[in-house]
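**Student:**
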Amino acid sequence: MTSPHLLVTGGAGFIGSNFVHHVLAHTDARVTVLDKLTYAGSSASLAGLPEDRVRLVEGDIADVALVDELVAPLTGEGDAIVHYAAESHNDNSLNDPSPFLQTNLLGTYTLLEAARKHGTRLHHISTDEVYGDLELDDPERFTEHTPYNPSSPYSSTKAGSDLLVRAWVRSFDVRATISNCSNNYGPRQHVEKFIPRQITNLLDGIRPRLYGKGENVRDWIHADDHSSAVLTILEKGRLGETYLIGADGEKSNKEVVELILQQMGRESDDYDHVTDRPGHDLRYAIDSTKLREELGWTPAYRDFEAGLAATIDWYRANEEWWRGQKAETEAKYAKAGQ
Ligand code: NAD
Ligand code: TDX
Numbered sequence: 001m002t003s004p005h006l007l008v009t010g011g012a013g014f015i016g017s018n019f020v021h022h023v024l025a026h027t028d029a030r031v032t033v034l035d036k037l038t039y040a041g042s043s044a045s046l047a048g049l050p051e052d053r054v055r056l057v058e059g060d061i062a063d064v065a066l067v068d069e070l071v072a073p074l075t076g077e078g079d080a081i082v083h084y085a086a087e088s089h090n091d092n093s094l095n096d097p098s099p100f101l102q103t104n105l106l107g108t109y110t111l112l113e114a115a116r117k118h119g120t121r122l123h124h125i126s127t128d129e130v131y132g133d134l135e136l137d138d139p140e141r142f143t144e145h146t147p148y149n150p151s152s153p154y155s156s157t158k159a160g161s162d163l164l165v166r167a168w169v170r171s172f173d174v175r176a177t178i179s180n181c182s183n184n185y186g187p188r189q190h191v192e193k194f195i196p197r198q199i200t201n202l203l204d205g206i207r208p209r210l211y212g213k214g215e216n217v218r219d220w221i222h223a224d225d226h227s228s229a230v231l232t233i234l235e236k237g238r239l240g241e242t243y244l245i246g247a248d249g250e251k252s253n254k255e256v257v258e259l260i261l262q263q264m265g266r267e268s269d270d271y272d273h274v275t276d277r278p279g280h281d282l283r284y285a286i287d288s289t290k291l292r293e294e295l296g297w298t299p300a301y302r303d304f305e306a307g308l309a310a311t312i313d314w315y316r317a318n319e320e321w322w323r324g325q326k327a328e329t330e331a332k333y334a335k336a337g338q
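Terminal number for the sequence shown in this note's numbering: 338, no gaps in between.
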């Protein structure tokens, strides 16, 4: 029997590259990465992986001919498209929504049409942000039954992409599953995102920047746990189903900044409040009971502080990976008063 072949879109980005590393370590699958290498993607995130098992194709998920060529061979047992590629940053979507519509909607449509044509299994990676936000004291968390209510151009295009997948399952019997995950942290995350921005700011002698009052709550999960959940869904998930992925990691932004400061040897109030994000979602929280009870998944990273310390160590040790992104990212934030 030949080993499974996965087409991982966005596999040179943060979570996609963590998934490729995870697949290489825990399965015998071969991986083709399709990635446009936008500002958020980097071939350095795949450095050191064996060339006989990982191939990087630089290209766009909305390129019909290229996608068809890459999907056509995926007909074996266990073969699948694992679709991570997206424009992923809320702040960017507020400045210019157009690449979000192009990649998140038209790109997903292009992959679905190829999956339909070739009968290929597809797993679509999405986010808890499609559900909008919760009050701080809401006793309910998001479940697979929570109505969609996205707030930003980013989350609305992700919501739209989920709905396309559901329609292609129902109308064309495309063999697909969807997962909606909470906020990820870990190695190889772009320095535009909250946790790596604050770590690299401190390494550069800049005070961390907290939007608004810092009361907003995010539900943190280590990217490696996201990867193990996706592998579990690929192996055991029921076609047509949606699974929520989360690790009970709710923390306010203020708590996270204070932890980063403490772990980096600074006073825990050594940060600045800056202009809030327009339309800023207040709280996300995931109930992952379905994934845990039906498919038997559990997260391995149960200690956020330990995971955060390891992430800080990774950024300390890998300055050459992030240095090239830093000045341009901070210049963009400075323009927005952030
Ligand atoms: P990222 O921005 O770090 O990576 C995105 C990758 O997609 C990059 O490598 C980029 O080059 C590539 N890409 C962008 N447009 C493309 C196109 N048109 N064709 C091919 N490749 C393209 O994003 P991330 O944080 O790793 O997120 C990955 C996926 O996970 C996204 O679908 C996102 O919505 C979802 N997600 C992210 C989080 C999170 O906390 N970051 C949480 C839940 C879900
Ligand atoms: O400098 C900052 N200061 C700050 O207070 C930045 C960059 C962010 N924030 C706040 C905004 C959010 O409340 O921190 C929180 C996290 O911000 P981001 O890292 O931008 O993530 P978020 O907007 O929550 O979205 C992330 O999780 C869900 C990912 O970027 C999405 O791709 C994913 O779908």
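Just so you know, even glycine gets a beta-carbon here, dropped at the ideal spot from N, CA and C.
Out of curiosity, what's the CA-to-CA distance linking aspartate 162 and leucine 94?
**Tutor:** Approximately 21 angstroms, taken between the alpha carbons.
**Student:** Sort Gly13, Val230, Gln102 by Cα distance to isoleucine 125 and report the nearest one.
**Tutor:** Of the listed residues, the one whose Cα sits closest to isoleucine 125 is Val230.
**Student:** With 16 as the cutoff for other CB atoms within 10 Å, does arginine 238 come out buried or exposed?
**Tutor:** Classification of arginine 238: exposed, given that the 10 Å Cβ count is below 16.
**Student:** Can you list, in chain order, the residues of its chain whose CB lies under 6 angstroms from that of arginine 339, leaving out five sequence neighbours each side?
**Tutor:** An answer regarding residue 339 cannot be provided, because it is not within the stretch 1 to 338 covered by the chain.
**Student:** Do valine 274 and serine 252 come within 8 angstroms of each other at the CB atom, strictly closer than that value?
**Tutor:** Cβ atoms of serine 252 and valine 274: not closer than 8 angstroms.
**Student:** Could you name the residues that DSSP lists as bridge partners for tyrosine 211?
**Tutor:** For tyrosine 211, which the question treats as bridged, DSSP gives the partners Val274.
**Student:** Relative to the C-alpha of threonine 9, which residue among Leu34, His26, Ala331 is closest?
**Tutor:** Out of Leu34, His26, Ala331, Leu34 has the C-alpha closest to the C-alpha of threonine 9.
**Student:** Considering Cα atoms alone, identify which of Asn318, Ala44, Arg209, Val257 is closest to arginine 277.
**Tutor:** If we check each option's Cα against that of arginine 277, Arg209 comes out closest.
**Student:** Using a Cβ-based criterion (distance less than 7 angstroms to any ligand heavy atom), does isoleucine 61 qualify as near ligand 1?
**Tutor:** Yes, the beta carbon of isoleucine 61 sits closer than 7 angstroms to at least one heavy atom of ligand 1.
**Student:** So leucine 163 is in the alpha helix (DSSP H); what residue range does that whole segment cover?
**Tutor:** Segment 153-172, the alpha helix (DSSP H) holding leucine 163.
**Student:** Just the C-alpha distance for glutamate 330 and glutamate 192, rounded to the nearest angstrom, thanks.
**Tutor:** Approximately 8 angstroms, taken between the alpha carbons.
**Student:** If the criterion is Cβ atoms closer than 8 angstroms, does the pair glutamine 263 and leucine 308 meet it?
**Tutor:** Yes, the Cβ-Cβ distance between glutamine 263 and leucine 308 is below 8 angstroms.
**Student:** Closer than 8 angstroms by C-beta to aspartate 270: which residues in its own chain qualify, once you throw out the five before and the five after it? Chain order, please.
**Tutor:** Same-chain partners within the cutoff: Arg207, Pro208, Leu261.
**Student:** So does aspartate 96 have its beta carbon nearer than 7 angstroms to some heavy atom of ligand 2?
**Tutor:** Outside the cutoff, so no.
**Student:** Sorry if obvious, but does the Cβ on leucine 418 come closer than 7 angstroms to a heavy atom of ligand 1?
**Tutor:** Here the chain covers residues 1 to 338 and nothing more, so residue 418 does not appear.
**Student:** How long is the line joining the alpha carbons of valine 67 and leucine 106, rounded to whole angstroms?
**Tutor:** Each residue's alpha carbon lies about 12 angstroms from the other.
**Student:** For glutamate 77, count neighbouring C-beta atoms within 10 Å of its own C-beta (all shown protein chains included) and say buried if the count is 16 or more, exposed if not.
**Tutor:** Answer is exposed; the Cβ neighbour count stays below 16.
**Student:** Locate the beta strand (DSSP E) running through arginine 218, then write down its first and last residues.
**Tutor:** Looking at the DSSP string, the run of the beta strand (DSSP E) that includes arginine 218 is 217-219.
**Student:** Just confirm the distance between the C-beta atoms of alanine 114 and valine 71, as a whole number of angstroms; I'd bet it's less than 8 angstroms.
**Tutor:** Correct: roughly 4 angstroms between the Cβ atoms.
**Student:** Checking the sheet assignment: what are the DSSP bridge partners for aspartate 35?
**Tutor:** Beta-bridge pairing links aspartate 35 to Glu58.
**Student:** Between Asp287, Arg121, Leu202, Gly265, which lies nearest to leucine 244 when the distance is taken from Cα to Cα?
**Tutor:** Nearest C-alpha to leucine 244: Asp287.
**Student:** Return yes when the C-beta of isoleucine 15 is under 7 angstroms from any heavy atom of ligand 1, and no when it is not.
**Tutor:** Yes.
**Student:** Considering just the uninterrupted stretch of the beta strand (DSSP E) at glutamate 250, what are its terminal residues?
**Tutor:** Segment 250-252, the beta strand (DSSP E) holding glutamate 250.
**Student:** Starting from serine 80 and walking both ways along the beta strand (DSSP E), at which residues does that stretch end?
**Tutor:** Before going further, note that residue 80 is alanine rather than serine in the sequence given. From DSSP, the beta strand (DSSP E) with alanine 80 extends over 80-83.
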